[in-house]
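Participant:
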Amino acid sequence: MESKVTEHEAAVIDVLLEKVHRDGGYDFRDYKRGTVIRRLERRLHATGVKTCLDYMRFLDTHLEEYQKFAEYLTIKVSNFFRSPYTFQQVAELVLPELVSYKKARGERSLKFWSTACARGEEPYSIAILLSEFLGHQRPEFNISIYATDISRQALQEVQSGIYSPKDIEGLPSSVRESFFTHHGENYELKADIRQMVNFSSFDLTSTIHQTLPLLDCIFCCNVLIYFQSQLQERVLDMLYDSLAIPGYLILGEVEMLTGNLRGKLECLDSKAKIYKKVRTN
Ligand SMILES: C[S@@+](CC[C@H](N)C(=O)[O-])C[C@H]1O[C@@H](n2cnc3c(N)ncnc32)[C@H](O)[C@@H]1O
1 MESKVTEHEA
11 AVIDVLLEKV
21 HRDGGYDFRD
31 YKRGTVIRRL
41 ERRLHATGVK
51 TCLDYMRFLD
61 THLEEYQKFA
71 EYLTIKVSNF
81 FRSPYTFQQV
91 AELVLPELVS
101 YKKARGERSL
111 KFWSTACARG
121 EEPYSIAILL
131 SEFLGHQRPE
141 FNISIYATDI
151 SRQALQEVQS
161 GIYSPKDIEG
171 LPSSVRESFF
181 THHGENYELK
191 ADIRQMVNFS
201 SFDLTSTIHQ
211 TLPLLDCIFC
221 CNVLIYFQSQ
231 LQERVLDMLY
241 DSLAIPGYLI
251 LGEVEMLTGN
261 LRGKLECLDS
271 KAKIYKKVRT
281 N
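Residue numbering for the sequence shown follows the numbering used here, starting at 1 and increasing by one per position.
Structure follows, in structure tokens:
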């Protein structure tokens, strides 16, 4: 029988999320309640626990459940070049401008951050895009693509660099052939692409400042949608502070800048959600 979180129990969810934060170290307190409830219901069902209160007791005796709850709450659906139009616009609007700027100043570093990298599809798409864009100039640049996520499971899976035929089915055969090798039934990313990406764990809700250098380009795609507006605002402020000048911020197609950043960032493409930091405010 399916477990349902009743309206009465919804009040208990705040208490549950406080507990998950305090005892489990995961902060879902400012996630949208609809997602939390739907995912929690699945977890209740999977554990055979009937109510939120029982689930809190269950957590006390099954400490590994904190991570399982976190994995259920974080939706890791992604794809290589998930939003083709966005990647096309990054190649047309961002990369030529950024690379010319760097060359004119004699700088050779290109720093990207994929802030919710799931199983690596997004940062590896950035690596492939950069590789295609730079072509023979690629060895002239020091490319760092930092890829972070809260999900330990996703970060563990990404270590292999191996993807199933389904994972890469949308990729043109030219990309498949240039950037992947066969690995049994599956596909493995070539070492030179893998070496461009640096994976680590980072929770965007954390109030501890990230320790990366200033970034030329930040992708924060399809994760803000799970956050309530005050958390979206806090995360976007942190990303703004993490950008170099010039610096580019890319959001998911259905995501938007919060009010205070609208005046601070220049919009380069409203459909692709590409924004540019041109000065400190
Ligand atoms: C729907 S996927 C998006 C993946 C990729 N950015 C894309 O657009 O295809 C959302 C990702 O956000 C991650 N996530 C959720 N909450 C997070 C948080 N607080 N900090 C970092 N990553 C988080 C999830 O683990 C998941 O991998």
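Glycine included, each C-beta is placed from N, C-alpha and C at the ideal position.
Keep in mind it's a predicted model, so treat the numbers as computed, not measured.
(1) Mind listing, in chain order, the continuous alpha helix (DSSP H) runs of no fewer than 4 residues lying wholly within the region 28 to 114?
(2) Could I get the ranges of all uninterrupted beta strand (DSSP E) runs contained in the region 219 to 272, with 3 residues as the minimum, in chain order?
(3) Following a CB-centred definition, is CYS217 positioned closer than 7 Å to any heavy atom of ligand 1?
(4) From LYS68, ASP60, LEU53, ARG29, pick the residue whose C-alpha is nearest to that of ALA46; which is it?
(5) What residues come near ligand 1, if near means a beta carbon less than 7 Å from any of its heavy atoms?
(6) How about ASP149 and ALA116: are their beta carbons less than 8 Å apart?
(7) Just list the residues that DSSP pairs LEU215 with in beta bridges.
(8) Exposed or buried, which one is LEU53 when buried takes at least 16 other CB atoms within 10 Å?
(9) Does DSSP put LYS277 in a helix, in a strand, or in coil?
(10) Tell me ILE337's beta-bridge partners as DSSP assigns them.
(11) If you count every other CB in all the chains shown that lies within 10 Å of the CB of ASN260, and 16 or more means buried, which is it?
(12) Quick test of your reading: ILE162 and SER114, contact by CB under 8 Å. State the CB separation rounded to the nearest angstrom.
(13) I'd like to confirm the pairing. Which residues does DSSP put opposite LEU189 in its beta bridges?
(14) Excluding the 5 residues preceding and the 5 following LEU224 in the sequence, name in chain order all residues of the same chain whose CB lies nearer than 8 Å to its CB.
(15) Does the separation of the CB atoms of ILE274 and LEU93 fall below 8 Å?
(16) Just to confirm my understanding: we take GLU185, look at its own chain, exclude 5 residues before and 5 after, and list those with CB closer than 8 Å. What are they?
(17) So SER201 and LEU155 are supposed to be a Cβ contact under 8 Å. How far apart are they, rounded?
(18) Could you pull the DSSP bridge partners for TYR163 from this structure?
(19) What does DSSP give as the partner residues of ILE208 in its beta bridges?
(20) Would you identify the three-state DSSP class for VAL5, choosing helix, strand or coil?
(21) List the endpoints of the continuous beta strand (DSSP E) containing VAL197.
(22) Taking all protein chains shown into account, do 16 or more other C-beta atoms lie within 10 angstroms of the C-beta of THR86, making it buried, or fewer, making it exposed?
(23) Would you call the CB atoms of LEU243 and ILE218 closer than 8 Å?
(24) Out of LEU44, ARG82, VAL278, which one is the CA nearest neighbour of GLU9?
(25) Please state whether DSSP places SER144 in a helix, a strand or coil.
(26) How about GLU188 and PHE180: are their beta carbons less than 8 Å apart?
(27) Beta-carbon within less than 6 Å of PHE303's beta-carbon, same chain only, minus the 5 sequence neighbours each way: which residues are those?
(28) Going straight from the alpha carbon of VAL90 to that of LEU130, what length do you get?
Facilitator: Let me lay it out:
(1) You should have 33 to 47, 52 to 61, 65 to 73, 84 to 89, 95 to 104.
(2) Correct list: 243 to 251, 265 to 269.
(3) Every heavy atom of ligand 1 is 7 Å or more from the Cβ of CYS217, so no.
(4) When each option's Cα is compared against that of ALA46, the closest is LYS68.
(5) Proximity to ligand 1 was defined by a C-beta distance below 7 Å to any of its heavy atoms, and the residues meeting it, in sequence along the chain, are THR74, ILE75, LYS76, VAL77, SER78, ASN79, ARG82, SER114, THR115, ALA116, CYS117, ALA118, GLU121, GLU122, THR148, ASP149, ILE150, SER151, ALA154, PHE202, ASP203, LEU204, THR205, PHE219, CYS221, ASN222, VAL223, TYR226, GLY252.
(6) In this structure, ALA116 lies closer than 8 Å to ASP149 by Cβ.
(7) LEU243.
(8) Burial is judged here by how many other beta carbons sit within 10 angstroms of a residue's own beta carbon; LEU53 has fewer than 16 and is exposed.
(9) When DSSP states are grouped into helix, strand and coil, LYS277 belongs to the strand group.
(10) Residue 337 falls outside the range modelled here, since the chain spans only 1 to 281, and no answer is possible.
(11) Its Cβ having fewer than 16 others within 10 Å, ASN260 is exposed.
(12) Not quite, the Cβ-Cβ distance comes to about 19 Å (not below 8 Å), so this is no contact.
(13) Beta-bridge pairing by DSSP links LEU189 to PHE180.
(14) Around LEU224: GLN232, VAL235, LEU236, LEU251, GLY252, GLU255.
(15) Yes; because the gap between Cβ atoms is below 8 Å, this pair is in contact.
(16) Only SER164, PRO165 meet the Cβ criterion.
(17) A Cβ-Cβ distance of about 6 Å is found for the pair SER201 and LEU155, placing them in contact under the 8 Å criterion.
(18) For TYR163, which the question treats as bridged, DSSP gives the partners TYR187.
(19) According to DSSP, ILE208 bridges with nothing at all.
(20) Reduced to three states, the DSSP call for VAL5 is coil.
(21) Unbroken beta strand (DSSP E) run through VAL197: 197 to 201.
(22) Result: buried.
(23) Yes; because the gap between Cβ atoms is below 8 Å, this pair is in contact.
(24) Among LEU44, ARG82, VAL278, the Cα nearest to that of GLU9 is on LEU44.
(25) Look at SER144 here: in three-state DSSP terms it is strand.
(26) Contact flag set, yes.
(27) Any property of residue 303 remains undetermined from this structure, which presents the chain solely from 1 to 281.
(28) Just so you know, the alpha carbons of VAL90 and LEU130 end up roughly 10 Å apart.
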